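Note that the protein sequences, when read in sequence, are chains A and B. 247 is the number that my numbering gives to position 41 of the first sequence; each next residue is one higher, with no gaps. 41 is the number that my numbering gives to position 33 of the second sequence; each next residue is one higher, with no gaps. First comes the structure, then the notes that go with it.
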Amino acid sequence: MSSIVYVHTGGVNNPERSATPIYLATTAAAMDIEVGIYFTVNGPTLLKKGVAETLIVPKYDGNGAPLRRFIDQALDMGVKFYVCQPSLDLHGLTKDDLIDGVEMIGGAAFNDMALEADQVICF
Amino acid sequence: MADAPTHDHVLDAKGLLCPMPIVKLAKFMKTVEPAQVVLLEATDPGAVPDVAAWSKNTRNPVIHQDQIDKVMRFWIQKA
């Protein structure tokens, strides 16, 4: 099976950058590609409990949808979500502050995941 | 153009935009028996390359396709 790792660095301050890696990953899962998203730098701020429900992914006509919808689609399709400790520390977050379904990994595990994946795509 | 093949199921993805037609298709195909044919109807402008890419990666062949006005139709056989 092919595999892709998406690296998501966008956070709550850039709503327009928040959803794209997530729905590309959802699409990959729909294509039977093994897929994970590594949330780092500002990415973990999107995973704080309660945030994605109110963060609106903007649309030109003002009818944006909450990010939570895209997160739920991704998790439902089997996309794996990963965060690393230092990027949580950057924002004063702990694993307990995050939504369910997020796995904690370290830098070594991420590098190994990148080497094992067929493609790594960074946002 | 050859006549459209017979189909076992119709999947209406009209009005849905990327990535939802592919997500809906992927979920539905998991419920279909091998060799059955699903007729997918979509209006997403990206549907033609997207369905081709999905088909190539999941190895469920598109055995026929056409377009009527803005509706793209794909006959997809479960591998």
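The C-beta atom is built at its ideal place from N, Cα and C for all residues, glycine as well. Values in this document were obtained by computation on a predicted structure and should not be read as measured data.
For residue i, count the other beta carbons within 10 Å of its own beta carbon; 16 or more makes it buried, fewer makes it exposed. Which is it?
| i | result |
| --- | --- |
| Ile210 of chain A | buried |
| Gly23 of chain B | exposed |
| Ala280 of chain A | buried |
| Val18 of chain B | exposed |
| Ser357 of chain A | Because residue 357 of chain A is not part of the residues shown, which for chain A are 207 to 329, the question remains open. |
Looking at C-alpha atoms only, which residue of the options is the closest neighbour of residue i?
| i | options | result |
| --- | --- | --- |
| Gly268 of chain A | A:Glu222, A:Gln279, A:Leu299, A:Ala258 | A:Glu222 |
| Leu294 of chain A | A:Gln279, A:Gly284, A:Gly313, A:Ala280 | A:Gly313 |
| Val79 of chain B | B:Ala50, B:Val40, B:Arg67, B:Lys64 | B:Ala50 |
| Val40 of chain B | B:Pro27, B:Ala55, B:His15 | B:His15 |
| Cys328 of chain A | A:Ala315, A:Ile228, A:Asn219, A:Gly298 | A:Ile228 |
| Gly298 of chain A | A:Thr260, A:His214, A:Lys254 | A:Lys254 |
| Ala258 of chain A | A:Asp318, A:Glu309, A:Ile305, A:Ala315 | A:Ile305 |
Going by the DSSP bridge assignment, what does residue i pair with across the sheet?
| i | result |
| --- | --- |
| Trp83 of chain B | B:Leu47, B:His72 |
| His15 of chain B | DSSP lists no partner for His15 of chain B. |
| Ile210 of chain A | A:Val241, A:Gln325 |
| Tyr288 of chain A | A:Tyr244, A:Glu309 |
| Asp77 of chain B | Partner(s): none; Asp77 of chain B has no beta bridge. |
| Ala21 of chain B | B:Ala50 |
| Leu230 of chain A | Note: Leu230 of chain A sits in no beta bridge, so no partner. |
The beta strand (DSSP E) spanning residue i covers which residue range?
| i | result |
| --- | --- |
| Val326 of chain A | 325-328 |
| Lys35 of chain B | That residue, Lys35 of chain B, is in no beta strand (DSSP E); its alpha helix (DSSP H) goes 28-37. |
| Lys255 of chain A | Counting along the chain, Lys255 of chain A falls outside any beta strand (DSSP E), and DSSP gives it neither H nor E. |
I'd like to know whether the C-beta of residue i is nearer than 7 Å to at least one C-beta of chain A.
| i | result |
| --- | --- |
| Asn65 of chain B | yes |
| Trp83 of chain B | no |
| Val31 of chain B | yes |
| Ala34 of chain B | yes |
| Pro42 of chain B | no |
| Pro27 of chain B | yes |
Any beta-carbon of chain B closer than 7 Å to the one on residue i?
| i | result |
| --- | --- |
| Ala236 of chain A | yes |
| Thr226 of chain A | no |
| Tyr212 of chain A | no |
I need the boundaries of the alpha helix (DSSP H) containing residue i, first residue and last residue.
| i | result |
| --- | --- |
| Tyr266 of chain A | Run containing Tyr266 of chain A: none; DSSP gives neither H nor E here. |
| Leu273 of chain A | 273-282 |
| Pro221 of chain A | Where Pro221 of chain A is concerned, there is no enclosing alpha helix (DSSP H), given that its DSSP letter is neither H nor E. |
Beta carbon of residue i: closer than 6 Å to some heavy atom of the ligand ADP?
| i | result |
| --- | --- |
| Leu47 of chain B | The model depicted lacks the ligand ADP and carries no ligand whatsoever. |
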